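What follows is a set of notes on a single structure, which appears directly below.
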Amino acid sequence: MTQAKLLREGDLGILRIDNPPVNALGEQLVGDLIDGFAQFEADTSLIGLVIECVGRTFVAGGDIAAFENPEFSAIPMNALLGRIEGCSRPVVAALHGTVLGGGLELAMACHVRVAHPQTIFGLPEILLGLIPGSLGTQRLPRLVGLELAYQMISTGKPISAAHALSAGLADALDDLPGVAARTMAHDCAGADLRRTSELTPPDIGNAGAVLDAARRASDKAPWLLTRRAVADCMAAAATLPFAEGEAAEARAFNGLVHSTQSRAQRRLFFAEREAQKIPGLSGDLRPRNIQRVGIVGVGTMGGGIAMCFANAGFPVTLVETTPEALERGRGLIAKAYAGSVKRGILSAEAAAEREGAMTGSTDMSALADCDIVVEAVFEDMKLKLDVAQKLGAICKPGAIIATNTSTLDVDQIAAATGRAADVIGTHFFSPAHIMKLLEVVRGAQTAPDTLLTVMKLAKRIAKTAVVSGVCYGFIGNRMAEVYGRENEAMLLEGASPAQIDGVAQSPDFIGLAMGPNRMLDMAGVDVGARTVIEWIASGEGPQEPNYRVVCQALFQRGQNGQKTGHGYYLYNDGKPVPSNATAALCAQLAAEHGVTRRDNIPDQEIFERLLFPMVNEAALILEEGIAYRAGDIDVVWTSGYGFPAWQGGPIFMADEIGLDRIVARMDHYAQVLGNPHGYWTPAPLLRKLAESGGRLSDWKRV
Ligand code: NAD
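Residue numbering for the sequence shown follows this note's numbering, starting at 1 and increasing by one per position.
Here is the structure:
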């Protein structure tokens with residue numbers, strides 16, 4: 001079926017695109033556009049052309065999968081855009097929906113753009129580790145100026161139709177853009193046509209400042225290939241003739257499209273979507289109706305979770321133990337909203353409305369009319385079981401009971417409610433109203449419609465949901481545990497928190513947003529230590545006497561991290577500096593536990609001991625069926641733990657390093673460090689894939 005064809009309407013040609021669901025540009029659509037446009041060129045009885053789309057949107061981007069093809073070339077599309085722009089008869093784009101990527105590039109090659117007032121315009125390629133490859137980097141600055149173009153291209157953030165109009169990207173807004181575009185095509189026939197490639201960026205006088213900013217951003221993160229590419233293309237747009245800019249963009253794009261960084265980000269793009277596909281949910285299953293949300297425990301997490309729901313328009317009932325605790329919780333929420341208002345990302349009215357959507361109580365029976373209740377009380381099993389039992393009795397039939405536990409057994413909590421089918425884990429990340437990730441923990445008894453409802457709800461509150469099975473720490477914290485374990489082992493062996501964090505944060509190794517010691521100081525050493533202590537006490541956790549003793553000892557000393565001004569680091573005006581006390585503590589604990597100290601632990605060893613156990617744990621998680629697929633695990637780490645998207649997540653990174661190398665290094669550490677607890681024994685799946693030359697990234701259970 002053709003995806004675009006030329007129609008004749010009186011003396012106008014209409015090039016109509018029809019490629020559901022979002023009119024994505026792929027090889028076939030480009031081919032059909034070339035054919036359709038050639039017919040228009042040949043038919044000189046037509047005085048102008050309107051390009052429009054059927055369905056809910058104009059072209060909303062390119063076919064991302066096509067970039068995997070080593071033969072992919074932007075040349076045919078770019079040549080078509082050149083012919084459209086060079087045409088002596090007017091070509092008008094009628095825009096609606098989301099005009100993104102190749103869609104916007106097509107529109108910018110037209111002589112006139114008319115858009116519906118709700119249209120969104122953007123060049124989001126950077127989010128895939130790319131830049132626009134069909135002259136977007138050259139035409140956009142000529143239309144809207146270098147500054148706004150740089151902003152849009154370097155962040156991938158779209159702009160509204162009103163903004164597009166004021167910036168010169170849209171020429172007119174109209175509720176019926178197709179009708180208006182036809183009028184425009186008639187009006188422009190025979191007149192001088194405005195060709196984007198012939199324009200000078202309107203803010204060319206300010207070019208130096210924009211190019212400096214682009215260059216500085218690139219110098220600040222020289223490992224990010226996209227930054228350099230964007231800086232080069234902006235410079236080309238400001239200083240070179242269009243044809244040379246075209247060549248500069250092609251060079252930059254071709255350098256990116258086959259890069260590991262872009263492959264990593266494109267895979268994550270697909271993995272995030274695939275994570276929404278849940279085995280065992282039949283097509284005719286209906287989600288439960290969710291109108292009112294309840295939160296039990298309005299602390300750090302409960303407050304943030306309440307905001308997530310209020311932000312999405314849900315009325316929320318908050319329950320705390322005492323009026324003071326409720327007041328404190330509401331205070332936290334008010335402070336967070338005030339911060340958003342101050343930063344200009346929320347209006348004072350909207351903040352007031354959202355706070356107004358929350359009602360508080362110290363009586364759990366206030367939750368009786370809620371359709372879902374999220375429990376976020378302290379991480380204490382006895383308390384959780386008590387709350388679960390009460391919720392089981394109070395919540396109305398069909399209401400969902402969700403727990404925000406980070407590590408505890410969701411099945412045990414579910415059993416305590418007496419209605420396990422309604423129970424599920426919703427593991428939010430701190431700060432809950434900001435972090436994208438939501439780990440959805442599917443219990444053994446969780447009903448399919450409970451799961452479906454929560455997955456749909458996650459979408460409504462703009463979270464990236466990933467399903468995990470029940471185990472200690474689920475996907476993310478279970479892997480973080482082995483990373484924390486090796487961190488502490490290396491602290492005992494003589495590495496400093498700063499050295500370990502430096503390796504974790506260095507883009508030469510991983511490039512994490514924060515190393516393990518900074519992270520624990522920020523989240524609260526007490527929070528981490530309590531979890532470890534409870535895990536060990538439960539008998540389920542490791543029983544070796546030196547297991548994560550550093551965090552436990554810091555906790556005993558009240559060195560709870562940033563909030564107490566001292567943890568792994570000492571905090572001077574909020575800035576972490578090395579702590580002699582922590583260094584002495586590590587040496588003392590090493591002596592107590594008979595750990596041999598070394599003067600110099602190589603950075604490469606630190607890197608391998610942080611990453612490889614996580615990869616091994618990921619393989620176990622897959623084998624045990626805790627995660628459905630490898631992509632889910634990489635989504636968890638990139639959207640919840642500050643793992644850089646350009647590295648693709650721990651599993652993608654492991655595949656790039658080579659599983660055979662990882663297994664060899666694990667065998668090596670088993671020998672040199674000793675392996676009494678099996679920490680360095682490769683998971684069977686990892687060893688098998690290493691031997692067969694397979695990749696873990698591609699592994700899926702379903
Ligand atoms: P918090 O100490 O900040 O808040 C807990 C709140 O629960 C307190 O305000 C307390 O008064 C209230 N509470 C205790 N018992 C209650 C009861 N019976 N009824 C009503 N309220 C009660 O703790 P937090 O950091 O928000 O953690 C809450 C949960 O979220 C824990 O299970 C924790 O493991 C999990 N979690 C925490 C983080 C994090 O980074 N802090 C991240 C993910 C998950």
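Heads up, the beta-carbon is just placed ideally off N, CA and C, and yes, glycines get one too. Note that the structure is a prediction, hence the values are computed from the model and not measured.
| query | result |
| --- | --- |
| Bridge partner(s) assigned by DSSP for M358 | V316 |
| Option in I413, N616, L346 with minimal Cα separation from L720 | The first residue shown for the chain is 1 and the last is 702, placing residue 720 beyond what the model contains. |
| Per DSSP, cross-strand counterpart(s) of V296 | V319, E375 |
| Outcome for H427 when other beta-carbon atoms lying within 10 angstroms are tallied against a minimum of 16 | buried |
| Local Cβ density within 10 Å of D422, reported as buried at 16 or more and exposed below that | buried |
| Nearest-angstrom Cα separation, counted from R330 out to G640 | 25 Å |
| Near the ligand NAD: G406 beta-carbon under 7 Å from a heavy atom | A small correction: the amino acid at residue 406 is Ser; Gly does not occupy that position in the sequence shown. Yes. |
| Unbroken stretches of the alpha helix (DSSP H), 4 residues or longer, contained in the segment 445 to 488 | 448 to 460 |
| Local Cβ density within 10 Å of P70, reported as buried at 16 or more and exposed below that | exposed |
| 8 Å Cβ cutoff met for A529 and F555 | yes |
| 8 Å Cβ cutoff met for M184 and V99 | no |
| Contact set for L46: own chain, Cβ-Cβ below 8 Å, skip 5 residues either direction | R8, D11, L12, G13, F40, R89 |
| Assumed close pair L15, L25 - CB separation to whole angstroms, cut-off 8 Å | Actually they are not in contact, since the Cβ atoms of L15 and L25 sit about 13 Å apart, beyond 8 Å. |
| E327 beta carbon near the ligand NAD (any heavy atom closer than 7 Å) | no |
| The ligand NAD heavy atom lying under 7 Å from the CB of H96 | no |
| Whole-number beta carbon distance between G168 and L140, since they are thought to touch under 8 Å | Actually they are not in contact, since the Cβ atoms of L140 and G168 sit about 10 Å apart, beyond 8 Å. |
| A189 versus G48: straight-line alpha-carbon distance, rounded | 6 Å |
| Segments of 4+ residues assigned as alpha helix (DSSP H) that fall wholly inside the segment 240 to 291 | 242 to 257, 260 to 274 |
| Continuous beta strand (DSSP E) stretch holding Y571: start and end | 569 to 572 |
| Terminal residues of the beta strand (DSSP E) in which A4 lies | 4 to 9 |
| Collapsed DSSP secondary structure at V99 in the structure displayed | strand |
| G297 CB to nearest heavy atom of the ligand NAD below 7 Å | yes |
| CB of A191 within 8 Å of CB of L173, strictly | no |
| Cβ-Cβ separation, L659 to L689 (assumed contact under 8 Å), whole Å | 5 Å |
| Cross-strand partners of S160 (DSSP beta bridge) | I120 |
| Residue nearest to V114 in terms of C-alpha spacing, selected from A164, A416, I153 | A164 |
| Identity of the residues DSSP links to F428 by a beta bridge | L438 |
| Beta-carbon proximity of D367 to I394, cut-off 8 Å | At residue 367 the sequence reads Leu, which differs from the Asp that was named. Contact flag set, yes. |
| Distance between beta carbons of Y483 and P613, contact taken as under 8 Å | 7 Å |
| Straight-line Cα distance separating A513 from R215 | 22 Å |
| Cβ pair E544, H677 closer than 8 Å | yes |
| Anticipated Cβ contact below 8 Å, G515 with D501, distance rounded | 3 Å |
| Unbroken beta strand (DSSP E) run spanning L148, endpoints | Premise fails: L148 lies in the alpha helix (DSSP H), 146 to 155, not in any beta strand (DSSP E). |
| L81 and L106 closer than 8 Å at C-beta | yes |
| Spatially closest choice to V22 from A180, A581, H96, A618, by CA coordinates | H96 |
| Residues near G631 by beta carbon distance below 6 Å, same chain, minus five either side | A271, E274 |
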